[in-house]
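Visitor: Chains as they are written, first to last, in the numbering used here: chain A, 1 to 195; chain B, 1 to 195. Even glycine gets a Cβ: it sits at the ideal position worked out from N, Cα and C. Since this is a predicted model, take the numbers as computed values, not measurements. Please see the structure below; I have some questions.
Number of protein chains: 2
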Amino acid sequence: MPLTASDRRASTAAPIEEILAMRWSPRAFDPEAVLTDEQLTSLLEAARWASSASNSQPARFIAARRGTALFDRIEQHLMGFNRAWAPRASALVLAAATTEDDQGKPLRWAEYDTGQAMANLAVQAHALGLHVHPMGGIEVEGLRQEFDLPQRLVPITVTAVGTVGSPDALPERYRERESAQRTRLPLADLLLVQE
Amino acid sequence: MPLTASDRRASTAAPIEEILAMRWSPRAFDPEAVLTDEQLTSLLEAARWASSASNSQPARFIAARRGTALFDRIEQHLMGFNRAWAPRASALVLAAATTEDDQGKPLRWAEYDTGQAMANLAVQAHALGLHVHPMGGIEVEGLRQEFDLPQRLVPITVTAVGTVGSPDALPERYRERESAQRTRLPLADLLLVQE
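This is the structure we're talking about:
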């Protein structure tokens with residue numbers, strides 16, 4: 001029997017915010033759900049206000065709603081099974097890291113900070129009742145050519161954003177994952193040294 | 001006249017969650033404020049449940065409360081002015097990225113995912129009324145030796161966690177920053193292509 005959403009809440013040794021505890025990455029998106037202008041702006045503003053090393057703000061985005069030419073241009077550079085499910089999302093957000101500043105100086109925390117920005121976007125999405133699924137399986141060179149990105153701009157992920165839909169459209173193997181128990185390593189395994 | 005907290009709320013073109021809008025990185029921490037066991041666990045659980053590429057969970061942590069030997073071992077590897085203010089924080093959290101799995105296969109999104117984990121930690125901190133200040137100015141090799149970290153574990157940041165305190169203990173230049181307007185590039189500058 002599929003687990004309920006509540007069963008799938010993160011299991012934690014101390015309470016965490018509901019938005020963080022209920023976050024998961026669906027593949028079953030509702031192909032009818034539409035993201036409003038304001039929702040998309042809220043998501044990008046959340047990313048924009050993330051912290052970054054010395055406020056260097058290395059994260060850059062290409063955000064497109066389903067049904068636009070831009071969405072299709074991003075979507076065609078997804079890899080493997082991502083191309084099967086991600087087109088049903090309401091929007092795709094490409095996140096790229098600026099790895100050097102205008103003077104060619106490396107921005108050491110560019111990828112870390114881009115991750116911070118996209119985690120903030122995920123928090124905002126959940127606050128709006130949406131879900132996100134970040135994808136690393138993307139054609140980096142294909143995206144670079146598609147959008148004429150200089151070498152210092154590195155595409156890192158494409159994140160599908162939308163409303164959870166019926167898993168029926170997914171192959172069985174993936175359908176089950178939509179309601180499977182979420183798992184993490186024990187917290188003790190993540191701590192390199194204990195106090 | 002110093003700006004109020006409300007003046008310093010992120011200025012956005014569409015609403016974002018209060019926790020994201022009010023987040024900023026203080027240097028003035030209250031040296032008496034103590035982080036409880038449960039609070040520290042909540043912070044680490046928030047980081048633990050962040051998303052990561054194929055659930056690879058590359059982020060690793062060393063977390064220590066002020067007044068412990070472990071805190072001092074981390075603190076001595078902060079660089080420059082960080083050593084002046086960060087010791088007043090209630091805790092320091094070293095974040096390291098696991099850049100290869102056990103089979104030596106590169107984990108491409110290790111730094112991005114570590115950023116996601118620490119952004120979640122920041123969200124949880126604000127939910128608890130705390131603030132965080134991530135520092136990139138750390139002695140990477142010093143920390144590696146201090147904690148006997150293998151090459152595949154890369155220290156990325158040390159984050160100070162605590163309660164905002166009086167800026168009086170800071171030199172004037174930094175004191176003013178505690179109440180300065182927060183700034184970001186215009187959203188349009190972060191979008192590489194528009195819909």
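1) By how many angstroms is the C-alpha of H133 of chain B removed from the C-alpha of F29 of chain B?
2) Measuring only between beta-carbons, confirm whether T163 of chain B sits less than 7 Å from chain A.
3) Hey, which unbroken runs of the alpha helix (DSSP H) at 4 residues or more fall wholly within the segment 26-113 of chain B?
4) Against R83 of chain B, what residues of chain A qualify as contacts under a CB-to-CB distance less than 9 Å, listed in chain order?
5) P167 of chain B and E178 of chain B: beta carbons closer than 7 Å?
6) What separation, rounded to the nearest whole angstrom, lies between the Cα atoms of E185 of chain B and L121 of chain A?
7) Do you know how far the Cα of I74 of chain A is from the Cα of R144 of chain A?
8) Classify P134 of chain B as helix, strand or coil using the three-state DSSP reduction.
9) Are the C-beta of L44 of chain B and some C-beta of chain A separated by less than 7 Å?
10) Is it true that the CB of A53 of chain B sits closer than 7 Å to the CB of W109 of chain B?
11) Along chain A, in chain order, which residues have C-beta atoms closer than 7 Å to that of R184 of chain B?
12) Since W85 of chain A and L20 of chain B are thought to touch, with beta carbons under 8 Å apart, how far apart are those beta carbons, to the nearest angstrom?
13) Closest Cβ-Cβ distance between V34 of chain A and chain B: below 7 Å?
14) Cβ of Q76 of chain A less than 7 Å from any chain B Cβ?
15) Would you identify the three-state DSSP class for P167 of chain A, choosing helix, strand or coil?
16) State the start and end residues of the unbroken beta strand (DSSP E) segment that holds L3 of chain A.
17) Pop quiz: P58 of chain A and G165 of chain A are said to be a contact at Cβ under 8 Å. What is the actual Cβ separation, rounded to whole angstroms?
18) Are the C-beta atoms of V193 of chain B and some chain A residue less than 7 Å apart?
19) Have a look at B:P87, B:I62, B:A95 and flag the residue whose alpha-carbon is nearest the alpha-carbon of L192 of chain A.
20) Anything in chain B within Cβ reach of I62 of chain A, meaning under 8 Å, just list it in chain order.
21) Would you mind telling me which residues of chain A sit closer than 7 Å to V93 of chain B, beta carbon to beta carbon, in chain order?
22) Let me know the secondary structure DSSP gives L191 of chain A once reduced to three states.
23) At a cut of 8 Å, does the segment 7-15 of chain B reach the segment 39-48 of chain A through at least three beta carbon pairs?
24) So that I know if they touch, is there some Cβ in chain A lying closer than 7 Å to that of P67 of chain B?
25) Is there a Cβ from chain B that is less than 7 Å from the Cβ of Y112 of chain A?
26) Give the DSSP bridge partners of L20 of chain A, in chain order.
27) Find the residues of chain B that neighbour E141 of chain A, judging by a C-beta separation of less than 7 Å, and give them in chain order.
28) When you compare the CB positions of V197 of chain B and L130 of chain B, do they come within less than 7 Å of one another, or not?
29) Heavy atom of the ligand GDP less than 6 Å from the Cβ of R83 of chain B, yes or no?
30) Helix, strand or coil for L153 of chain B, going by three-state DSSP, please let me know.
31) Under the rule that 16 or more other beta-carbon atoms within 10 Å means buried, what is R23 of chain B, buried or exposed?
32) Would you say E38 of chain A faces chain B, with C-beta separation under 7 Å as the test?
33) Using only the alpha-carbon positions, how far apart do A89 of chain A and A96 of chain A sit?
34) Would A180 of chain A pass as an interface residue toward chain B - the criterion being a Cβ-Cβ separation below 7 Å?
35) Tell me whether A127 of chain A sits in a helix, a strand or coil according to DSSP, three-state version.
36) Count the other CB atoms within 10 Å of the CB of Q116 of chain A; is the residue buried (16 or more) or exposed (fewer)?
Guide: The short version:
1) Cα to Cα, the separation comes out at about 10 Å.
2) Under the 7 Å criterion on CB atoms, T163 of chain B is classed as non-interfacial with respect to chain A.
3) Positions of the alpha helix (DSSP H) runs, each at least 4 residues long and wholly inside the segment 26-113 of chain B, are given as 37-48, 69-75, 82-85 in order along the chain.
4) Using a Cβ-Cβ cut-off of 9 Å, R83 of chain B is close to nothing in chain A; its nearest Cβ partner there is about 17 Å away.
5) The answer is yes: Cβ separation under 7 Å.
6) The amino acid occupying residue 185 of chain B in the given sequence is Leu; Glu does not appear at that position. One C-alpha to the other measures close to 17 Å.
7) So the two alpha carbons sit approximately 11 Å from each other.
8) Strand at P134 of chain B.
9) At least one chain A Cβ lies under 7 Å of L44 of chain B.
10) Closer than 7 Å, so yes.
11) Using a Cβ-Cβ cut-off of 7 Å, R184 of chain B is close to R48, W49, Q57 of chain A, given in chain order.
12) Not really, about 28 Å apart at Cβ, beyond 8 Å.
13) Judged by the 7 Å Cβ criterion, V34 of chain A is not in contact with chain B.
14) Q76 of chain A does not count as touching chain B.
15) In this structure, P167 of chain A counts as helix in the three-state DSSP scheme.
16) Per DSSP, L3 of chain A belongs to no beta strand (DSSP E) and is neither H nor E.
17) Wrong, their Cβ atoms sit about 33 Å apart, outside the cutoff.
18) Proximity of V193 of chain B to chain A, defined by a Cβ-Cβ separation below 7 Å, is satisfied.
19) Relative to the Cα of L192 of chain A, the nearest Cα in the group B:P87, B:I62, B:A95 belongs to B:I62.
20) Counting only Cβ-Cβ distances below 8 Å, I62 of chain A has contacts in chain B at L191, L192, V193, in chain order.
21) What V93 of chain B touches in chain A: nothing, since even the nearest Cβ is about 10 Å away.
22) Strand at L191 of chain A.
23) Contact holds: three or more Cβ-Cβ distances are below 8 Å.
24) Checking the sequence shown, residue 67 of chain B turns out to be Gly, not Pro. In terms of beta-carbon proximity, G67 of chain B stays away from the interface with chain A, with every pair separated by 7 Å or more.
25) Judged by the 7 Å Cβ criterion, Y112 of chain A is in contact with chain B.
26) Looking at the DSSP output, L20 of chain A shares a beta bridge with no other residue.
27) Neighbourhood of E141 of chain A in chain B, by CB distance below 7 Å: empty, with the nearest CB roughly 14 Å away.
28) Outside the modelled stretch of chain B, which goes from 1 to 195, sits residue 197 of chain B, for which no answer is possible.
29) No copy of the ligand GDP occurs in the structure displayed, which carries no ligand at all.
30) Residue state, collapsed to three classes: strand.
31) For R23 of chain B, the number of other beta carbons within 10 angstroms of its own is at least 16, and it is reported as buried.
32) It does; some Cβ of chain B falls within 7 Å.
33) Approximately 20 Å between the Cα atoms of the pair.
34) No, A180 of chain A does not count as interfacial toward chain B.
35) Of the three classes helix, strand and coil, the one that applies to A127 of chain A here is helix, per DSSP.
36) It counts as buried.
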